[in-house]
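FYI, numbering that gives the first Met the number 0 numbers position 270 of the sequence shown as 269, with every residue one higher than the one before it.
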Amino acid sequence: MPVCESLQIMSSAQQISSAANFLCEGGVVAFPTETVYGLGAEISQPLAIRKIFDIKGRPADHPLITHIVTIADLEYWANEIPETAWRLAERFWPGPLTLILPKSKYIPLSVTGGQNTVGLRIPRHPIAQALLKALGRHKAIVAPSANRFGHISPTSASHVEDDFGNEIKMILDGGDCEIGLESTIVSCIDDTVTMLRPGGVSIELIEDLLNRKVLSRAQNNSPRAPGSLSAHYAPTTPLEIWPGGGWLLSRVKLLHQQGMRTAILARATASALPYAEHCSDDIGSYNVIMPNDPATYGQKLYATMRALDQKGFDRLLVEELPDDPEWLAITDRLKRASFSSPPPSHNII
Ligand code: TXA
Ligand code: MG
Numbered sequence: 000m001p002v003c004e005s006l007q008i009m010s011s012a013q014q015i016s017s018a019a020n021f022l023c024e025g026g027v028v029a030f031p032t033e034t035v036y037g038l039g040a041e042i043s044q045p046l047a048i049r050k051i052f053d054i055k056g057r058p059a060d061h062p063l064i065t066h067i068v069t070i071a072d073l074e075y076w077a078n079e080i081p082e083t084a085w086r087l088a089e090r091f092w093p094g095p096l097t098l099i100l101p102k103s104k105y106i107p108l109s110v111t112g113g114q115n116t117v118g119l120r121i122p123r124h125p126i127a128q129a130l131l132k133a134l135g136r137h138k139a140i141v142a143p144s145a146n147r148f149g150h151i152s153p154t155s156a157s158h159v160e161d162d163f164g165n166e167i168k169m170i171l172d173g174g175d176c177e178i179g180l181e182s183t184i185v186s187c188i189d190d191t192v193t194m195l196r197p198g199g200v201s202i203e204l205i206e207d208l209l210n211r212k213v214l215s216r217a218q219n220n221s222p223r224a225p226g227s228l229s230a231h232y233a234p235t236t237p238l239e240i241w242p243g244g245g246w247l248l249s250r251v252k253l254l255h256q257q258g259m260r261t262a263i264l265a266r267a268t269a270s271a272l273p274y275a276e277h278c279s280d281d282i283g284s285y286n287v288i289m290p291n292d293p294a295t296y297g298q299k300l301y302a303t304m305r306a307l308d309q310k311g312f313d314r315l316l317v318e319e320l321p322d323d324p325e326w327l328a329i330t331d332r333l334k335r336a337s338f339s340s341p342p343p344s345h346n347i348i
């Protein structure tokens with residue numbers, strides 16, 4: 000369905016085929032994956048790759064993930080592939096896992112930010128799969144998340160349109176993303192396995208499969224992963240994380256006394272009920288009940304933050320989540336979203 004003369008939002012088979020042609024001609028196409036929407040260029044199109052960095056406002060040394068069509072091409076795109084990487088790829092591809100490996104000569108340095116390693120992933124969203132298949136073997140789509148640098152990733156076609164409606168000509172619409180958070184990134188260089196970004200595949204599943212411990216970035220002198228910047232994935236409205244119950248409630252009251260309008264994101268637990276009582280338009284607060292299970296919470300988080308960003312609140316207050324592996328990826332994103340606006344201290348309320 001064209002929404003304006005210059006931008007098309009679409010998803011039929013024929014439209015996927017035109018999107019593939021457009022990519023091969025050097026166009027930039029936004030497309031859905033099961034994690035978030037990507038802003039894609041075909042890997043042999045340097046001008047399109049350049050355009051992605053330009054319109055995102057992304058520094059040139061921040062590498063892009065290369066999305067490939069089949070595991071059979073892994074040796075085409077990467078060198079020195081350790082056995083661990085093969086096992087991870089066979090178990091989790093297509094899916095929300097990016098593997099960092101030594102790059103082959105077919106990956107341009109413009110994609111990797113000058114590094115000799117590449118991030119590779121086979122997405123499982125049917126539209127992403129169809130688009131990659133339409134391109135064919137030995138073609139690939141390099142794509143960051145389709146948001147402006149540092150902002151919240153898009154989980155629907157309309158989010159992409161909000162960020163880039165004036166700059167791109169084509170968005171493939173795959174509805175709301177199933178996972179809603181970016182892929183897990185695991186580095187498999189020199190036979191160490193290091194988690195660079197938690198995401199859709201949990202560390203436990205990876206450790207169970209490999210029967211070994213996965214290192215954290217801190218333990219492995221960190222291969223450079225600029226997306227692991229502390230401040231990232233942030234809404235425009237300052238976001239604070241507070242322990243639930245009395246802490247959060249006291250913070251809300253204090254901000255209201257200072258004349259601030261707040262939105263609270265708390266899970267549907269008994270401890271969230273007091274916030275509901277203290278929320279009303281009169282005092283300028285708004286309570287969003289978030290799902291209790293991590294999968295649904297993660298799926299809704301970015302859309303919720305984007306929607307709240309439109310409402311002109313002075314603060315987003317998020318109830319702290321359990322310190323539990325299944326909440327790890329969400330907590331990671333919330334901490335980065337709150338980085339530029341940390342609460343003064345949990346003691347000062
Ligand atoms: O789920 C996802 O991963 C989405 C979808 C579109 O695939 N993509 C995504 O891309 O989140 P982006 O560019 O927003 O984040 C990719 C992260 C960045 O932090 C980048 O630094 C890191 O992957 N990365 C890519 N190649 C790398 C490499 N060779 N070494 C270390 N980190 C790398
Ligand atoms: Mg991103």
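Glycine included, every Cβ here is placed at the ideal spot set by N, Cα and C. Note that the structure is predicted; figures quoted are calculated from it, not measured.
DSSP, reduced to helix, strand and coil, places Phe163 within a helical segment of the structure shown. Under the three-state reduction of DSSP output, Gln128 falls in the helix class.
By the 16-neighbour rule on beta-carbons within 10 angstroms, Asp322 is exposed. Taking C-beta atoms as the reference points, Gly39 and Ile178 fail to come closer than 7 Å. Runs of the alpha helix (DSSP H) spanning 4 or more residues and lying entirely within the stretch 30–108 occur at 45–55, 73–76, 82–91, in chain order. The residue from Arg335, Tyr285, Met259 with its alpha-carbon nearest to that of Asp313 is Met259. Membership of Asn210 in any alpha helix (DSSP H) is not indicated, and neither H nor E is assigned to it by DSSP.
Judged by DSSP secondary structure, Gly245 falls within the alpha helix (DSSP H) whose first and last residues are 245–256.
In the three-state reduction of the DSSP assignment, Val192 falls in the coil class. Taking the CA atoms as reference points, Pro93 sits about 5 Å from Arg123.
Considering only Leu63, Leu96, Glu74, the residue with the shortest C-alpha distance to Gln114 is Leu63. Apart from the 5 residues on each side of it in sequence, Lys55 sits with its Cβ closer than 7 Å to the Cβ of Leu38, Pro143, Arg147, Phe148 in its chain, given in chain order.
The Cβ atoms of Gly198 and Ala328 lie closer than 7 Å to each other.
As the crow flies, the alpha-carbon of Glu166 is around 9 Å from that of Leu6.
Looking at the backbone, the Cα of Glu82 and that of Thr116 are separated by about 17 Å.
When rounded, the separation of the alpha-carbon atoms in Ala294 and Cys176 is 12 Å. DSSP places Val117 within a strand segment (E or B) once states are collapsed to three. Exclusion of the five residues before and after Arg90 leaves Leu208 as the residues of its chain whose Cβ lies within less than 7 Å of its Cβ. Contact annotation: Ile121 and Ile67 have beta-carbon atoms nearer than 7 Å. The beta-carbon distance between Cys187 and Leu98, rounded to whole angstroms, is 6 Å. This is short enough to meet the 8 Å contact definition. DSSP, reduced to helix, strand and coil, places Ala267 outside both helices and strands of the structure shown, so it counts as coil.
Annotation for Asp308: Pro234, Thr235, Thr236 place their beta carbon closer than 7 Å to its own, counting only its chain and skipping 5 residues before and after. In the structure shown, Ser11 falls within a coil segment according to DSSP collapsed to helix, strand and coil. When distances are taken from the beta-carbon of Thr111 to the heavy atoms of the ligand TXA, the shortest one is below 6 Å. At least one heavy atom of the ligand MG lies less than 6 Å from the C-beta of Ser144. At least one heavy atom of the ligand TXA is found less than 6 Å from the C-beta of Val117. Look at Asn20 here: in three-state DSSP terms it is helix.
Under the 10 Å beta carbon count, Gly243 is surrounded by 16 or more other beta carbons and is classified as buried. Comparing alpha carbon positions, the residue from Val28, Ile70, Lys310 closest to Lys50 is Val28. Distance check between Gly25 and each of Met169, Val35, Arg305, Leu214 places Met169 closest, using alpha-carbon atoms only. With fewer than 16 other CB atoms across the displayed protein chains lying within 10 angstroms of its CB, Arg136 is exposed. Where Ala306 is concerned, the enclosing alpha helix (DSSP H) starts and stops at 293–308.
Here Ala145 carries a coil assignment [DSSP, helix/strand/coil].
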